[in-house]
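A.B. asks:
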Amino acid sequence: MSVRVVARIRPLLESELDKDIIVTAASNDDRKTSNVVKIPSPKNEAEEFSFAFNSVYDNQATQEHLFTAEVAPHLKSLFQGLDVTIFAYGVTGTGKTHTMRGGLKLAERGVIPRLLSGVFRRAKKITKDSGGDTTVSVALSYYEIYNDKVFDLLEPLEKRTPSGLPLRAEANGKTVVAGLSERPCEELKDFERLYIESNINRVTAATKLNAHSSRSHAILRVKVTQVTGDMVHESTASAIDLAGSEDNRRTDNGKERLVESAAINKSLFVLSQCIDAISRGERRIPFRESKMTRILSLGQNNGITIMILNLAPLRSYHLDTLSSLNVSSRAKRIEVREIENEIVYKQAPRMNSNSSATGMARQPLR
Ligand code: ADP
Ligand code: MG
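With the first letter of the sequence shown counted as 1, position 266 gets the number 401 in my numbering; the numbers rise by one all the way through.
Printed below as a string of C-alpha cells:
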C-alpha cells in the first residue's frame, strides 16, 4: 500500500473574509468526494494546476468527519500489530495544529485526542471480549525536534540537555529516541492531563528560547501493548505536527532567526528530497541527513502512513502552497509494506528460542 495523502483546505478566518480564495477542492471523476486541489498558475492566472490526492477535504469538513474517514479505520490495524503514522504537513497558519490537536470543545477536538479516545475504547473492548485474558496498556511519549535536536516534552525544561536526546537504531530496523520518557495512561483523562500540561511546557520552553513552536516538529507516540498469557504484542501510533513548510528566506533577516530557519528548512528540505528519491525508485534515500526524516522513515517502516497536507485558500500563500502541493503529490507514490509487528514472548518457548538482547524470544506471526 502507498502512503495515503489527503489534503485539507481550511476555511477563511474572521479576519480574512474579504480575501480572495484561490485554492479549491474538486473531483476529477464523478465521485461524491473531492480528490483534486485546484490552484491558478502564479505566472498566468488563466492557467490552472490540478493536484490529485487520495481525498480532499474543504472548509465544510469537520474534525469528526476527517477523523472518521481517515484515521478511525486504522485503529483496528493498530491493534492487529501495525504501526500507524499520521503527519500534518503544510505552511504555518494552514491548520496543522488545528487538525492534529484541535480545540478544547468536544466538536473541535483534533486527530490526536480522538485517536486516544478510540484507542482506550478499543482496549476496553478487547479486554472485555477476551474475558480478561488479554490486557492492554497504553503509554505516551511526546517530544519535539527543534534545530535538529530532540527534546522530551514530558520532562520539565530544567532537565533538558542542551544537545538534546540521541537517536538509536533498534534491532528490528526502527529508529527510536534514546532515553525518551514514557508515561503509562490508563484512561483518556490521564492522556488529556499529560497532553495539556506538556503543550504548555512546549510553549513556555519556546518562549524562553525566543523560539516559536511553528518552527519545531512535535511528535506524539502512543505505544499499545497487548498481553495474552506470555505473548506480548506491541504497536505504536505516531501523530506528528511538522514545522511550517514555508520558505523562511523570504521572511527572516535577523541573524539568529536565519540560523534557526536554515535548520528547519533543512529537515523539511531533506524530507522533500527523500520523497523525491523514493518516488523515483532510487536506491539511496537521504534519510540520515536529518533527525526528523530518520524518525519518520517514510516508506521504510512497515505499517500505515497517512500524510495530511494542510492548505490555506489565500492568495498570500500562493507560492508556498504550490511548493507544498508539489511535495505531497509526489508522496503518494511511496509504497509502504503493511507488516504486523512480531509477537514477543515473555519467556522463551522451549522450541525455537532465538533469544534477543532483552532475553525475550521473538517469533514471527506467520
Ligand atoms: P498551523 O499549525 O498549520 O500553523 P493552525 O492550526 O494554528 O495552523 O491554524 C491557523 C488558524 O486557523 C488557527 O486560528 C486555527 O484555529 C484556524 N483553523 C485552521 N484550520 C481550521 C479549520 N478547519 N476550521 C476552523 N479554523 C481553522
Ligand atoms: Mg501549528
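Where is the CB? At the ideal position from N, CA and C, for every residue including glycine.
Comparing C-alpha positions only, which one of Lys343, Lys231, Gln215 and Glu332 sits nearest to Glu477?
C.D. replies: It is Gln215 whose Cα lies nearest to the Cα of Glu477.
A.B. asks: Are Pro511 and Ala274 close, meaning C-beta to C-beta below 7 angstroms?
C.D. replies: Outside the modelled stretch of the chain, which goes from 136 to 501, sits residue 511, for which no answer is possible.
A.B. asks: Check whether the Cβ of Thr232 lies closer than 6 angstroms to any heavy atom of the ligand MG, and answer yes or no.
C.D. replies: yes
A.B. asks: Express the C-alpha separation of Asp193 and Asp165 in angstroms, rounding to a whole number.
C.D. replies: Spanning the two alpha carbons is a distance of roughly 17 angstroms.
A.B. asks: Taking only three categories from DSSP, how would you classify Asn388?
C.D. replies: Confidence at Asn388 is low in this model, with a pLDDT of 47, below 50, so its placement is unreliable and the value that follows should be read with caution. Note: Asn388 maps to coil in three-state DSSP.
A.B. asks: Would you mind giving the Cβ-Cβ distance between Leu446 and Val271, rounded to the nearest angstrom? I have them listed as a contact below 8 angstroms.
C.D. replies: Between Leu446 and Val271 the beta-carbon gap is near 37 angstroms, outside 8 angstroms, which marks them as no contact.
A.B. asks: Below 8 angstroms on the Cβ atoms is my contact criterion, and I expect Arg103 with Gly237 to pass it. Report the Cβ-Cβ distance as a whole number of Å.
C.D. replies: Nothing about residue 103 can be reported from this structure: the residues present for the chain run from 136 to 501 only.
A.B. asks: So what does DSSP say about Arg328, is it helix, strand or coil?
C.D. replies: helix
A.B. asks: Taking 7 angstroms as the limit between beta carbons, can you name the residues of its chain near Ala510, skipping five residues before and five after?
C.D. replies: Since the first and last residues shown for the chain are 136 and 501, residue 510 lies out of range.
A.B. asks: Leu446 by DSSP, collapsed to three states: which one?
C.D. replies: strand
A.B. asks: Can you tell me whether Lys507 is buried or exposed, with buried defined as 16 or more other CB within 10 angstroms of its CB?
C.D. replies: With the chain covering only 136 through 501, there is no way to say anything about residue 507.
A.B. asks: Find the nearest neighbour of Met366 within the set Ile430, Thr269, Val219 and Asn163, judged by alpha-carbon distance.
C.D. replies: Nearest C-alpha to Met366: Thr269.
A.B. asks: Just to check, is the beta-carbon of Ser349 closer than 6 angstroms to a non-hydrogen atom of the ligand HEM?
C.D. replies: Among the ligands modelled here, namely the ligand ADP and the ligand MG, the ligand HEM does not occur.
A.B. asks: Could you tell me which whole beta strand (DSSP E) segments of length 3 or greater appear in the segment 267 to 337?
C.D. replies: 269 to 281, 284 to 287, 302 to 304, 310 to 312 and 318 to 320
A.B. asks: Since I believe Pro421 is in contact with Gln408 (beta carbons under 8 angstroms), could you give me their beta-carbon distance rounded to a whole number of angstroms?
C.D. replies: 5 angstroms
A.B. asks: When the Cβ atoms of the segment 302 to 316 are set against those of the segment 239 to 255, are three or more pairs found closer than 8 angstroms?
C.D. replies: no
A.B. asks: When we look at the beta-carbon of Asn234 and count the other beta-carbons within 10 Å, is it buried (16 or more) or exposed?
C.D. replies: Per the sequence shown, residue 234 should be read as Thr rather than Asn. Buried, since its Cβ has 16 or more Cβ neighbours within 10 Å.
A.B. asks: Taking the Cβ atom as the reference point for each residue, do Ile430 and Ile469 lie within a distance shorter than 7 angstroms?
C.D. replies: no
A.B. asks: Is it right to say Thr203 is buried, meaning 16 or more other beta carbons lie within 10 angstroms of its own, or is it exposed?
C.D. replies: exposed
A.B. asks: Does DSSP put Glu477 in a helix, a strand or coil?
C.D. replies: coil
A.B. asks: Any heavy atom of the ligand ADP within a distance shorter than 6 angstroms of the CB on Gly228?
C.D. replies: yes
A.B. asks: With a threshold of 8 angstroms, are at least 3 pairs of Cβ atoms found where one atom belongs to the segment 172 to 179 and the other to the segment 216 to 223?
C.D. replies: no
A.B. asks: Going along the chain, which unbroken runs of the alpha helix (DSSP H) with 4 or more residues stay wholly within the segment 192 to 220?
C.D. replies: 198 to 201 and 210 to 214
A.B. asks: Using CA atoms only, rank isn't needed, just tell me which of Glu305, Asp283 and Pro291 is closest to Ser298.
C.D. replies: Cα-wise, what sits closest to Ser298 is Asp283.
A.B. asks: For Ala304, which of Leu460, Tyr480 and Ser432 has the nearest alpha-carbon?
C.D. replies: Ser432
A.B. asks: Under 6 angstroms: does the beta carbon of Pro248 sit that close to some heavy atom of the ligand ADP?
C.D. replies: Checking the 6 angstroms criterion, the Cβ of Pro248 is out of range of every heavy atom belonging to the ligand ADP.
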